[in-house]
Amino acid sequence: MNKSADNLSKIKRSLTRRNRAEARFQWCGRVAIFIGLAAVAVLFVDIIGKGHGAFQATYIKLNVSYDQDLLGIENLSDPEQLMMGNWDAVPKVALREKFTDVSGRRDKRRLNGLLSNGAGFDLKDRLLANPQLLNTTESIWLLADDDIDTYYKSWLDGEAYAARLSDKQVVWIDQLHEQGLIRLQLNTNLFTRGDSREPEQAGIRGAVMGSLLTLVLTLILSFPIGVSAAIYLEEFAPKNKWTDFIEVNINNLAAVPSIIFGLLGLAIFINFFHVPRSVPIVGGLVLTLMTLPTIIITSRAAIKSVPPSIREAALGMGASKYQMVLHHVLPLALPGMLTGAIIGMAQALGETAPLLMIGMVAFIVDVPGSFTDPATVLPVQIFLWADSPERAFIEKTSAAIMVLLTFLIIMNTSAVWLRKRLERRW
Amino acid sequence: MSPADTAKPAKAASKAASKSAPKKVAKAKSAVPKVKKTEPKAKKAVAKTRKAVAPQFKAGQSLDIDDHQITVGKSFSDNAKMTMRNIDVYYGDKQAIHNVSIDIAKNEVMAMIGPSGCGKSTFLRTLNRMNDTVEGCRVEGDICMDGENLYAPKLDVVELRARVGMVFQKPNPFPKSIYENVAYGPKIHGLADSRVDLDEIVENSLRKASLWEEVKERLHQPGTGLSGGQQQRLCIARAIAVSPEVILMDEPCSALDPIATAKIEELIEELSENFTIAIVTHSMQQAARVSHRTAYFHLGKLIEVNPTEQVFTMPEHQLTEAYITGRFG
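If you read the protein sequences in the order shown, they are chains A and B.
Numbering follows our numbering, with no gaps: position 234 of the first sequence is 386.
Numbering follows our numbering, with no gaps: position 28 of the second sequence is 83.
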C-alpha cells in the first residue's frame, strides 16, 4: 500500500516534468513556424511595396499631328521609307506646341526629355495600324521618360524625388498635372515587351517566354528520362555494387552546385557539340541535367511507397514484371512522380547560376519565339535589372520577382493539388 | 485416444522429472541449437520421460529437431498433381527448408501447419515460384506439376502462375473496380475473346467465390471499399478467374473475423471440387475443418504428413503431437 502510493507520487512528479517538456517542445515548434512566416511576410511586403508601382506607368497627353512632310514619308507600305522616317520629330513637335515659351537648346532638350525616347516608335506602330491617321491630328497619351515616371510617382506619394530633374521640368510637370494631362496608366509594356536599356520600355515578356521555352524542353527531356531511370533502378536492375555506385552518384549529383552544371553544359553542349549559346535548347539541356537527380530520387521514393502486396497480387496473377510495373506500380506512383517533377521544374525555373555560364545572361531585346532564338529567363532578368543603375529598375526588379514568385506559387500549389487529386488509397 | 488424453500424462510426467522442463520444451522451438548446447542434459531428460509415457511413438523419434531425418506418415500419393522431391530452400546462406518431399493429390486440400518461422509459407511460395522475386533466394530439388519440372529453364514463370494461382495473407485487391480486379487475369492472359465473354468470366468467378450476390449491384466501385472478408473473396475470385489448376492460399483468414473466416472455409470446400488447393494456416481448427491431408512443418523440416483426421487424433510423431496439443507454436 505504502509502496504503491509512493510510486504514484513519483509518477505524478515525473508527469508534470514530462508535460512541461512537451509544452516547451510545442512552443519551440510554434516559434520556428512564426519566424518562418514572419520572414516570408517581410519578403512579400518588401517586394510588393517596392514592385507594385511597376505595374503602372506615367503617360502624358499631347496633340500629335502625323504630318507627312515632318515624317518625310510618302508611302506607308515602303519599309525603307518607314525605317528612314523622322519618327522622333512627331512627339518633339507636339511638346513644343504645348510649351510654346520654351527656347534655347538646353531647355528644348530638357523638354524633349519629358517623354520616353521610344514615344516616336509607339506613334509609328499606331500609324501603321491605322494608316488613315496620316496627315491628321489626334490627342493621345504618350509614354513619359523613366525619370519623369519616378518623380511623378514619388510626388504622388508625397515624397517627391527630383534629383534627376531640372527645376523647369518640375514646373512643366506641375502644369501638366494641373491641366490633367499627366496620369498613371496600366503598364502594358511590362507584359508585352522584351528587355530594354530604357526602364520605361523594358518588359518581362522576353524573359517569361525564354523561361517557358527552356522549361518545356526541360520537362520533355527530364521527366521521361528520370522516370525510366527510376523504374529501371527500382524494379529491374539487380542489386549489386554497380547499382549502389549509381545510386550514390545520383544522390551526389542532386547536391552538386548548379553552376557546375553550367560549366558542364558550356564544355559539352556548346564547345563540343557546338549548340549555339544563349538559346533555350542549351538552357533546357543544362537544366535537364540539373533536374534529373531530383526527379529520379522522388520517383524512386514514389515507386518504393507502392505496397508490396500490390506487386505480389499482380505477379501472383501471372502478370509479367513489365505488366506489373505498367498496370499497377506506375499508376500508384504517378502522383508522387508528378509532384517530384513539378518541384524539380520549380527549382529549374528559379535557377540562375548555370544559365550564366551558357550565355543566357545576354541583353536580349527581342521576344524569343522558338527554341533556337537567343533568350534569357526570368531569374536572370531579375539579376540583370538588379544590376542596372537606373533608379526606375528598382521597381522593375521587384515586379519581375513578383511575377516569378507567382509562377512558383502556382506550380507548387498545383503539385499539392495534383497529389491530393490523384492519390488513391489502398 | 484423443489428443487431450495423450497430452495430460505427458505433461504430468515432465513436471515430475523436472519442474522447469516444460518451459525448456517451449524454448526449444525458438532456439533449439542454443538450448541444446547450453543444457543438453535437461533436454534429453525430457525426451526420455516423454518416450516412457507415450509409447505409441516409434523408436528413434525425438523432440530434438536436429535428430529428425525422415518425414513420417503418408507423404506420397498415387494421384499426384504436384510432386516435390528433396526440396532445399536457401535465403542467402541461411537454409529455410531442409530436404522436403511431398505430393499434393488432384482435387485435394492440403493444409500446412507449424509454428511461426517453420518455412511453410516459404515452401508454399516455391510452388508458383513467387520466391523468384526474393533477393538471394535459391531453390534446389525437383518440383513437378503433372510431371513437368517447374524450375526448368525453359518454363515461363508467367505461364506457371496462370496455372497455379495464389491468395495471400492480407487481402490485396488492386485499387481498381471490383470488375477490373476479376477481369485483370483474363485480360492479361487474353482468355476472353469479347466483352461478353469477359463479363461472363467475371460473373462466374464471383459466383464461385460466393461474392456475386453481394457485389453485383456495384461491380464498378473500388474493390478496396469492400469489407475484409469480401476483399479476400474478391482475391479468390480474381485467382479463379484464370481457371488455374492449383490454388495456393497463404493464411487466407488470418486477417479476418470468425464469420468471414467461416465463409472462406466453406468456399474452400466448394472449390476443392474443381481445384487442387494448398493452404498454409496458423489455425489448427481451420486445418482440421477444411483439409484432407495435413503436413506438419517444424524449423524448415517436414515432420509428418497424414490424413487430417489422423494428424489431429493420432499423430505419428511426437513433435506433431506436441504442437497440436499447444505446447509450442
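All C-beta atoms, glycine included, are put in the ideal place defined by N, C-alpha and C.
Check	Outcome
Residue environment, Leu167/A, which counts as buried when at least 16 other CB atoms sit within 10 Å	exposed
Host alpha helix (DSSP H) of Val194/B (start-end)	That residue, Val194/B, is in no alpha helix (DSSP H); its beta strand (DSSP E) goes 192-200.
Contact with chain A by Lys149/B, beta-carbon distance below 8 Å	no
Lys161/B to Glu387/A span [Cα, whole Å]	36 Å
Cutoff 8 Å: Ile291/B Cβ touching any chain A Cβ	no
Counterpart residues of Glu203/B in DSSP-defined beta bridges	Met200/B
Within-8 Å CB hit, Tyr146/B to chain A	no
Contact with chain B by Glu464/A, beta-carbon distance below 8 Å	yes
CB of Ala246/A within 8 Å of CB of Leu214/A, strictly	yes
Outcome for Thr549/A when other beta-carbon atoms lying within 10 angstroms are tallied against a minimum of 16	buried
Interface partners of Gly240/B on chain A, CB under 9 Å	Met469, Gly470, Ala471
Per DSSP, cross-strand counterpart(s) of Ser374/A	Answer by DSSP bridge pairing: none, since Ser374/A is not bridged.
Residue closest to Glu195/B, alpha-carbon to alpha-carbon, out of Ile159/B, Arg140/B, Pro230/B	Arg140/B
Own chain, CB closer than 6 Å to Glu320/B, minus 5 neighbours either side, in chain order	Arg344, Val345
Backbone CA spacing between Val101/B and Gly381/B [nearest angstrom]	In this prediction, Val101/B scores a pLDDT of 42, lower than 50, which makes its location untrustworthy; no coordinate-derived value is stated.
Interface flag, Glu190/B vs chain A, CB-CB below 8 Å	yes
Contact with chain A by Pro370/B, beta-carbon distance below 8 Å	no
Contacts around Phe330/B, its chain only, beta-carbon distance under 6 Å, and the 5 residues preceding and following it disregarded	Ile302
Simplified DSSP assignment, three categories, for Gly468/A	helix
For Ile200/A and Asn282/A, the rounded distance between their alpha carbons	38 Å
Exposed unless 16 or more other CB atoms sit within 10 angstroms - verdict on Cys308/B	buried
Buried versus exposed, by CB contacts within 10 Å (16 or more), Tyr351/B	buried
DSSP three-state assignment for Gln533/A, whether helix, strand or coil	helix
Residue-level contact to chain B via CB, Gln533/A, 8 Å cutoff	no
Val242/A and Glu290/A closer than 8 Å at C-beta	no
Own chain partners of Gln499/A with C-beta closer than 8 Å, once the 5 adjacent residues on each side are dropped	Met442, Thr443, Thr446
Rounded straight-line distance, which links the Cα of Leu385/A to that of Thr605/A	Limits of chain A in this structure are 153 at one end and 578 at the other, which puts residue 605/A out of reach.
His204/A - DSSP class collapsed to helix/strand/coil	helix
Status (buried if at least 16 other CB within 10 Å, exposed otherwise) for Lys164/A	exposed
C-alpha gap between Gly283/B and Leu374/B, whole angstroms	34 Å
Span of the beta strand (DSSP E), counted from its first residue to its last, around Glu268/B	Run containing Glu268/B: none in the beta strand (DSSP E); it sits in the alpha helix (DSSP H), 267-270.
Nearest candidate by alpha-carbon position, reference Gly280/B, set Leu182/B, Ala310/B, Pro226/B	Pro226/B
Three CB pairs or more closer than 8 Å across the region 135-153 of chain B and the region 184-200 of chain B	yes
Gln475/A at chain B interface by Cβ criterion, 8 Å	yes
Min CB distance Ser166/A to chain B below 8 Å	no
Ranges of the alpha helix (DSSP H) found wholly within the region 374-411 of chain A, counting only runs of at least 4	393-407
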